[in-house]
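S.K.: Quick one: structure below, then a few questions.
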Amino acid sequence: MTRGTWIGHPGLRGSPDVIRLSASQLDQTDGRCREFAALKARPQVWPEVSERRRYAPWEAFPLGLVMAALDAVEFRDADLDEAVTHAVEESRSPLHPGAAAWVRHACHAYAEASAWIDDSLAGEGVVLLPEAQPRVVQHRSAAELRMLTAWGRWYAAQDGSVREFRRLRLRRPGPAGAPGTHAMALVTATGLRAVGSVYRDLPVEVRPDAAAPVRVRVVEVALDLDVLPKVLVDATPEEVRRSYHDHARPIALDVTVGGDRTPGSDCAECKLRATCDTLPNTPGLLGLADRGTHRRTWSVSTGRQYQICPAQAHLRELRLPSERGEDHTSVRRGVLVHEWLRIAHGRERPCTPADLPEDGPGFAGEFMTHGEYREIRPFLLAHLEVCPLTASCTDVRPEPTVAAFDPLADVLVIAKPDLLRRVDRRVVYREQKTTLSPDRFEPGDALSRVPQLALAVCLIAAGVFGPGGGTVELEVMSPQRAFVLSFDMADPAIVAQAREVVTGLVRDWHRDTGFLARPGRWCTGCPVARWCPDRADGDTSGPIEVDGVRIDPRTGEVLSAQAAVSIRAEAVAESISDPGTADEEPPF
Ligand code: SF4
Ligand code: SF4
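Here is the structure:
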């Protein structure tokens, strides 16, 4: 690692010459902000104008309690269940009951994984003991201090000949050969044990080892029962050094250098947020009167989840492992149509009949079967009539991430439109829906039934896409026809209605601190139901009824409504028809 060519910014102060990189930062996914990563690796660079950090009035990092309970078991001989109870009860901030259930589950999963690892090593005559002090690689020169850390759990043989680092995953194993794994192996092989805090002390005091290791292991432990630990690295220190040099060091260098700014979820924690000219600053975007409890991130998905059940929204905000239920045909259909359109529009040319051959899926053969293609082809044929790229346009961006910060609410807002483009330099923001009942989409109530449209109107009105306004479109596709509803930003009534919808969706979430469960038939499809002590486990046959609206529990289609479909009923319907993508694995 070197300082490279990272260039400082006005609006920041402090020393860029202390670089502390966490091994997991090497596994950044696409779409993350490179400048954020470079700043995160510089713990002694701060905003010129400091702001007092506000913390969540609830326990926002349940994994910390898992670590505390495991510490009690490994270093103080505590009973596992008693250690969990103690960690939960002694938590400095209130812990949601669903999060508490997950903490217990995760601790048991870890204990099960640990026993499996111990057994497999016992066959080789190796016994590992837990080490309380994390290891750190640290180099100091006249010019700079460089540190490489790894967050997880540490073990070693009594004589130091074998060392092991356990990388924790909340749910599923990560990709094989991730660069972060090579960096973790390097810290295990060459790092020294830190006496102080690797997150506070720069440099941190370290303790030499009596003996160098001859064998280095990195094992991945998914905190779920019945998921076997995966040995990612089992090598000599020399092999580890070589792998790091070949596969991880260039990436580590690259991370610290920074680069393009990409607004997105990183912005909430970014030191440059207040002065970043790439992240739109939009006071009043959400129409809220105060800054709420602390800085948070909100999207229409969060608002929808909160409408269905505050506990569900909270447990997902905590990033507890979530599960998607079985995909019914209609759900899969929507996913595949969106994926087809994303790829097709990425070519920046109109979709044509030649893209939809009768005898097979064409370019889509890589991600759908012939049967699935037959199912979605009528929707896509209908789309040809209203393909947005048929007319002249520029700056075509399928499924981009859009972010804007509302400082009056202290909320980072994230949106993911299906397609952005510019027509005559004005932005056109399109959402796309597949349905068997196209008639239920009407201009009069579309903004409340599809709140993504309302947020789009507010984002354009706030100038997120530049001056000059723009247009919001809803494309509705059925097997028989497709049509587009357009919302003209020049109409003040449209903007007023959109603001009302967005504020209505975010207001209660913004001031809630208890996130009570609201159980009902929708619990069947709740992605975090595993952790919820209040989930309803009743009869799952027949339609779901919400506010007088009957909803098909398999497809999410509205079967009948006694009155206008409420925002909540629409949220339940959409949670079935469009469950969204699985939540991202948090970066540890
Ligand atoms: S505010 Fe956002 S876009 Fe700007 S540097 Fe930070 S993370 Fe990147
Ligand atoms: S299972 Fe039901 S009550 Fe529990 S969080 Fe999910 S939707 Fe809410």
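Mapping the sequence shown onto the numbering used here, position 113 (from 1) lands on 137, and the numbers just tick up by one. Every residue gets a Cβ at the ideal spot worked out from N, C-alpha and C, and that includes glycine. On a predicted model such as this, the values are computed, not experimentally measured, just so you know.
Which runs of the alpha helix (DSSP H), 4 residues or longer, sit entirely within the segment 50-99?
M.R.: 58-64
S.K.: Enumerate, from N- to C-terminal direction, the unbroken alpha helix (DSSP H) stretches of 4 or more residues contained entirely within the segment 508-583.
M.R.: 516-535
S.K.: Under 8 Å, with one C-beta from each stretch per pair, do the segment 478-496 and the segment 260-280 reach the 3-pair mark?
M.R.: no
S.K.: Count the other C-beta atoms from every protein chain shown that fall within 10 angstroms of the C-beta of Tyr-179, then say buried if there are 16 or more, exposed otherwise.
M.R.: buried
S.K.: In the DSSP assignment, what residue or residues form a beta bridge with Ala-218?
M.R.: Val-230
S.K.: By the DSSP assignment, the alpha helix (DSSP H) with Phe-403 in it spans what residues?
M.R.: 394-407
S.K.: For a quick check, are the C-beta atoms of Ala-130 and Asp-250 less than 9 Å apart?
M.R.: no
S.K.: CB-CB under 8 Å to Val-219, same chain, minus the five flanking residues each way: which ones, in chain order?
M.R.: Scanning its chain for C-beta atoms nearer than 8 Å, with the 5 sequence neighbours on each side dropped, one finds around Val-219 the residues Gln-157, Val-228, Glu-229, Val-230, Arg-231, in chain order.
S.K.: Skipping 5 residues on each side, what residues in its chain have a beta carbon closer than 6 Å to that of Lys-457?
M.R.: Val-500
S.K.: Given this structure, state the Cα-to-Cα distance separating Ser-354 from Glu-390, to the nearest angstrom.
M.R.: 20 Å
S.K.: In the DSSP assignment, find the unbroken alpha helix (DSSP H) run with Pro-121 in it and report its ends.
M.R.: 121-146
S.K.: Cβ of Arg-343 versus every heavy atom of ligand 1: is any distance shorter than 8 Å?
M.R.: no
S.K.: Which first and last residues belong to the alpha helix (DSSP H) in which Ile-31 is found?
M.R.: DSSP places Ile-31 in no alpha helix (DSSP H); its state is neither H nor E.
S.K.: Does the beta-carbon of Glu-188 have 16 or more other beta-carbons within 10 angstroms, so that it is buried, or is it exposed?
M.R.: buried
S.K.: Within a Cβ cutoff of 6 Å, which residues of the same chain sit near Thr-317, ignoring the five residues on either side of it in sequence?
M.R.: Pro-81
S.K.: For Asp-536, which of Ala-135, Arg-37, Arg-315 has the nearest alpha-carbon?
M.R.: Answer by Cα proximity: Arg-315.
S.K.: Put Thr-26 into one of helix, strand or coil per three-state DSSP.
M.R.: With a pLDDT of only 45 at Thr-26, under 50, the local geometry of the prediction cannot be trusted, and the value read off the model is given with reservation. Thr-26: coil per DSSP, three-state reduction.
S.K.: Tell me the DSSP secondary structure of Trp-175 in three-state form.
M.R.: coil
S.K.: Between which two residues does the beta strand (DSSP E) holding Leu-436 run?
M.R.: 435-439 is the extent of the beta strand (DSSP E) around Leu-436.
S.K.: What is the DSSP secondary structure of Ala-593, counted as helix, strand or coil?
M.R.: DSSP places Ala-593 in helix when its eight states are reduced to three.
S.K.: Buried or exposed: Asp-442, going by 16 or more other Cβ atoms within 10 Å of its Cβ?
M.R.: buried
S.K.: Spatial neighbours of Lys-440 within its chain, please: CB distance less than 8 Å, with the 5 preceding and 5 following residues excluded, ordered by chain position.
M.R.: The beta carbon of Lys-440 lies closer than 8 Å to those of Ser-323, Glu-423, Pro-424, Thr-425, Val-426 in the same chain, with the five residues before and after it left out.
S.K.: Check whether the Cβ of Gly-283 sits closer than 8 Å to any heavy atom of ligand 1, and report yes or no.
M.R.: no
S.K.: Within 8 Å, do at least three Cβ pairs link the segment 92-106 to the segment 203-223?
M.R.: no
S.K.: Could you check which residue in Phe-403, Arg-542, Arg-77, Asp-561 has the C-alpha nearest to that of Ala-506?
M.R.: Phe-403
S.K.: Under three-state DSSP, which class holds Ile-262?
M.R.: Note on identity: in this sequence residue 262 is Glu, with Ile being the wrong assignment. Reduced to three states, the DSSP call for Glu-262 is helix.
S.K.: CB-CB under 8 Å to Tyr-268, same chain, minus the five flanking residues each way: which ones, in chain order?
M.R.: His-206, Ala-207, Ala-209, Leu-210
S.K.: Are the beta-carbon atoms of Ala-597 and Gly-572 separated by less than 9 Å?
M.R.: no
S.K.: To which residues of the same chain is Ala-133 closer than 6 Å at the C-beta, ignoring the five residues directly before and after it?
M.R.: Leu-247, Asp-248, Leu-249
S.K.: Rounded to the nearest angstrom, what separates Thr-459 and Gln-331 at their Cα positions?
M.R.: 22 Å
S.K.: Express the C-alpha separation of Val-151 and Gln-103 in angstroms, rounding to a whole number.
M.R.: In the sequence as presented, Gln is not what sits at residue 103; that position holds Asp. Just so you know, the alpha carbons of Asp-103 and Val-151 end up roughly 21 Å apart.
S.K.: Compute the distance between the beta-carbons of Leu-529 and Gly-308, then report whether it is under 9 Å.
M.R.: no
S.K.: Take Ile-400 as the anchor and find which of Arg-371, Trp-364, Cys-375 has the nearest alpha-carbon.
M.R.: Closest by alpha carbon: Trp-364.
S.K.: What residues in its chain sit with their C-beta under 6 Å from that of Leu-87, if we drop five residues either side in the sequence?
M.R.: none
S.K.: Drop a sphere of 10 angstroms on the beta-carbon of Met-25, count the other beta-carbons inside from all chains shown, and report buried for 16 or more, exposed for fewer.
M.R.: Residue placement at Met-25 is poorly supported in this model, since its pLDDT is 44, which falls under 50; the coordinates still yield a value, given next. The residue in question, Met-25, is buried, as its Cβ has 16 or more Cβ neighbours within 10 Å.
S.K.: Counting pairs of beta carbons, one from the segment 335-350 and one from the segment 537-555, are three or more of them closer than 8 Å?
M.R.: yes
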